[in-house]
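First comes the structure, then the notes that go with it.
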Amino acid sequence: GYLCVLQDLAAYISEPSLPALTRQFLYDQLSNKDGSVGMALDNSIPLLEIISPISVFHSASATFYAPSDLSGTHGIHCEIIRSTPLWQ
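Note that our numbering numbers the sequence shown so that position 33 is 305, with each residue one more than the last.
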């Protein structure tokens, strides 16, 4: 499996900015009431320290409403998103 400490996972996948980007994402999700998100990493805001174990999944299910495409059940769609670790 993958490492479950965010900093260790970042080193393992050679993505040193992963901890900062994850903290920025969480800050955006928890603090922005209007739905806007920060496009660039903002070092001036206080960010959460992530101490929980991290899990890596290679698939996810997303259910969403697309009012412009009523081909689903009244615009409701469900997609499965998959990733392959060795796919380049």
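Ideal Cβ placement from N, Cα and C applies to all residues, glycine included.
request  = State the beta-bridge partners of E287 as determined by DSSP.
outcome  = On the sequence shown, residue 287 is found 15 positions in, with the first residue counted as 1. None, per the DSSP bridge assignment.
message = For Q296, count the other beta carbons within 10 Å of its own beta carbon; 16 or more makes it buried, fewer makes it exposed. Which is it?
response = Counting from 1 along the sequence shown, the entry for residue 296 is found at position 24. Buried, because 16 or more other Cβ atoms sit within 10 Å of the Cβ of Q296.
ask   = How would you call A334, buried or exposed, if buried means at least 16 neighbouring beta carbons within 10 angstroms?
value = In the sequence shown, the residue the question calls residue 334 occupies position 62. By the neighbour-count rule (16 or more Cβ atoms within 10 Å), A334 is not buried but exposed.
message = Among the candidates S324, S355, L302, whose CA atom is the shortest distance from the CA of L275?
response = Position 3 of the sequence shown, counting from 1, holds the residue named residue 275. That would be S324, whose Cα lies nearest to the Cα of L275.
key: Burial state of A282, where buried means 16 or more other Cβ atoms lie within 10 Å   = Residue 282 sits at position 10 when you count from the first residue of the sequence shown. With 16 or more other Cβ atoms within 10 Å, it is buried.
task = Measuring alpha carbon to alpha carbon, tell me which of A332, I348, P288 ends up nearest R354.
result = One-based indexing of the sequence shown puts residue 354 at position 82. Comparing Cα positions, the closest option is A332.
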